[in-house]
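Numbering (this note's numbering), first residue to last: 22 to 689. Note that CB positions come from ideal geometry on N, CA and C, so glycine has one too.
In structure tokens, the structure reads:
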């Protein structure tokens, strides 16, 4: 009769062919491994596994494996602790809420002391899913849980063992395992035919979700269908939102045999795991905190990589697109089967380690530890963003004493001729103020001679003196300094031609498509300065005040701006409940608020108070109020404020040269 180690050996030779390695993994001699192979072949009745030149060659098929599983005696198989815990769940929680220690020990063929120890460990595991394992006064074990938590847990448990193949009559295992065979036999009669039926029906519905998301939904539906008698225990929020969603209408159409409360429960699952922005503050009451945490990770990445990422809006969209399902899966302990963790660690270890180290910004907000597998899916986005930045033009500043229109003309000419982005146009006075922060620039372009002593201090940045109107001689100078000629077509020039010949074009979609498809041939000059602070903030909306309370500051906003009295109590109540309020650090609070007034405008207000005030146990002296009804629209301004005040060496409260007010005004 075969034992557990025979099946471990079969599992190993699926991926490893060297005899020496198999012996090492099983902690056996090579001779012992050969004996076990002989025993397996004898059980099959044919020499299906051979060892040639100390390598394995197998011709096992499904029928052979079925024969091996049928002939094994359960008494020969010794379960590991993890396997016993899984079987305890199968024999107790999935079937009944109360049980005796003795009956479980007998079922698994082991001692009561062993099961008692397993239950201690299982108790901790189940608590992570909000399921309590308790004992009554007669020492009988029982479970305590909410109906929602129970359904999710059982669905996740089953998902580990169910594989959604084209055929439903085969063993649903990812690997060869006697233990998984035991699980399958237990769940086959009760669950498999119904899973097959629901799965076929769900494919007819128009649901724009990943296959894995829908596979989990299928199991959740089957589990819920069996629990219909407990529907009264389901507490579903936001039903008015759920009933309007397309997912609800689709499910209602294809599953009329399911109760309405179950359909709402399934819609809620799809709503919370969805990637869209609609009702995002309903989905995540702390979405502002989440947004700031993610942007802090991105900004830290920029600082450590010594870059300012190009097309930051596109990059942030990709990150936030993935973050929503990541948070839901993390909170529900859902593990994706198609892990890319190993490949990511091999290909991009630096980026993975960076994210793993800095993901605490998000983990502190959602109060959950994010798995390495989930973090791994974000790594390619960061790699691509860094790769795109490595392909960007050289970076420079233009220092001139000429008027702005002449300077802009010169800047345009230089960028047309060469692959360089001129980040700023500075006067001599403003240039002197940043002379110690020039490491980020490849070139300093000037229209006058800089003093020799100053030039000697600049070691890493090339200085080139040019005429106010670019000449052939200047072009030669720039070429000799290592700048590459610009052979790309400007995006604005190309768009002008396209739009002149077409009346119906989605410009944003067109820009993204052209940028992605022809990045080597088109120079995208459209996104420049898209996220500059001046696009979101006006000088007249930045106030210096000296007030003693949060309410007084809001009153000041009301007197000087678009904010109305009707908004003040609403804002105070929301902030008190931590809704739409977050802490940027540096004693800065940020608030999102949808104004009550009908003729409200998109705008941002900032109050810099001379004294600190207490908001939610935080000491605040700067309040940023953003009028908004959609977080995505203001992702850019959050990025800007994080960039200004988070890990910014250029500015801190210890810097006496600039006040917060002056610093903001100078950056608008």
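Using 9 Å as the threshold, is the C-beta distance between residue i and residue j below it?
| i | j | result |
| --- | --- | --- |
| residue 636 | residue 602 | yes |
| residue 560 | residue 686 | yes |
| residue 421 | residue 482 | no |
| residue 171 | residue 248 | yes |
| residue 150 | residue 120 | no |
| residue 245 | residue 279 | yes |
| residue 375 | residue 323 | no |
| residue 128 | residue 663 | no |
| residue 462 | residue 417 | yes |
| residue 13 | residue 680 | Because the chain is modelled from 22 through 689, residue 13 falls outside the range shown and cannot be assessed. |
| residue 511 | residue 544 | yes |
| residue 111 | residue 207 | yes |
| residue 20 | residue 402 | Examination of residue 20 is not possible in this model, given that the chain is present from 22 through 689 alone. |
| residue 285 | residue 257 | yes |
| residue 428 | residue 336 | no |
On the DSSP letters alone, give me the boundaries of the alpha helix (DSSP H) that residue i sits inside.
| i | result |
| --- | --- |
| residue 236 | 232 to 247 |
| residue 266 | Here residue 266 belongs to no alpha helix (DSSP H), and DSSP marks it neither H nor E. |
| residue 628 | First-last for residue 628: 624 to 636, but that is the beta strand (DSSP E), not the alpha helix (DSSP H). |
| residue 59 | 51 to 65 |
| residue 371 | 370 to 379 |
| residue 497 | 493 to 501 |
| residue 302 | 301 to 304 |
Using 10 angstroms around the beta-carbon of residue i, count the other beta-carbons present and answer buried if the total reaches 16, otherwise exposed.
| i | result |
| --- | --- |
| residue 370 | exposed |
| residue 395 | buried |
| residue 277 | exposed |
| residue 391 | buried |
| residue 597 | exposed |
| residue 227 | exposed |
| residue 526 | exposed |
| residue 231 | exposed |
| residue 538 | exposed |
| residue 78 | exposed |
So does residue i have its beta carbon nearer than 8 Å to some heavy atom of the ligand NAP?
| i | result |
| --- | --- |
| residue 118 | Among the components of this structure there are no ligands whatsoever, and the ligand NAP is therefore not found. |
So, helix, strand or coil for residue i, using DSSP?
| i | result |
| --- | --- |
| residue 190 | Any reading at residue 190 must be qualified, since the residue scores a pLDDT of 36, below 50, and its modelled position is unreliable; no value is offered. |
| residue 74 | coil |
| residue 130 | coil |
| residue 119 | strand |
| residue 275 | helix |
| residue 183 | coil |
| residue 79 | strand |
| residue 142 | helix |
| residue 354 | coil |
| residue 27 | helix |
| residue 195 | Confidence is the limiting factor: at residue 195 the pLDDT is only 40, short of 50, which leaves the residue's position unreliable, though a coordinate-based value still follows. Here residue 195 sits in coil by DSSP. |
| residue 657 | helix |
| residue 620 | Bear in mind that the predicted position of residue 620 carries a pLDDT of just 47, short of 50, making it unreliable; the figure below should be weighed with that in mind. Residue state, collapsed to three classes: coil. |
| residue 573 | helix |
| residue 288 | helix |
| residue 449 | helix |
| residue 544 | strand |
| residue 432 | helix |
| residue 11 | Beyond the ends of the chain as shown, which are 22 and 689, falls residue 11; an answer cannot be given. |
| residue 156 | strand |
| residue 5 | Beyond the ends of the chain as shown, which are 22 and 689, falls residue 5; an answer cannot be given. |
| residue 114 | coil |
| residue 680 | coil |
| residue 364 | helix |
Hey, out of the options, whose CA is closest to residue i's CA?
| i | options | result |
| --- | --- | --- |
| residue 233 | 220, 59, 244 | 220 |
| residue 441 | 379, 509, 568, 203 | 509 |
| residue 398 | 358, 316, 332, 293 | 358 |
| residue 347 | 295, 229, 27 | 295 |
| residue 260 | 287, 251, 241 | 287 |
| residue 658 | 156, 312, 153 | 312 |
| residue 314 | 136, 132, 274, 385 | 385 |
| residue 340 | 143, 355, 303, 320 | 320 |
| residue 118 | 161, 108, 67, 89 | 161 |
| residue 144 | 253, 298, 113, 613 | 113 |
| residue 331 | 133, 408, 34 | 408 |
| residue 41 | 76, 60, 24, 35 | 76 |
Go to residue i, then tell me how far its beta strand (DSSP E) extends in each direction, as first and last residue.
| i | result |
| --- | --- |
| residue 166 | Note, residue 166: premise wrong, no beta strand (DSSP E); not H, not E. |
| residue 600 | Neither: residue 600 is in no beta strand (DSSP E) and is coded neither H nor E. |
| residue 8 | With the chain covering only 22 through 689, there is no way to say anything about residue 8. |
| residue 330 | Careful: residue 330 lies outside any beta strand (DSSP E) and carries neither H nor E. |
| residue 520 | Residue 520 -> not in any beta strand (DSSP E); alpha helix (DSSP H) instead, spanning 512 to 521. |
Taking 9 Å as the threshold (beta carbon to beta carbon), is residue i in contact with chain D?
| i | result |
| --- | --- |
| residue 415 | Here there is only one protein chain, and chain D is not present. |
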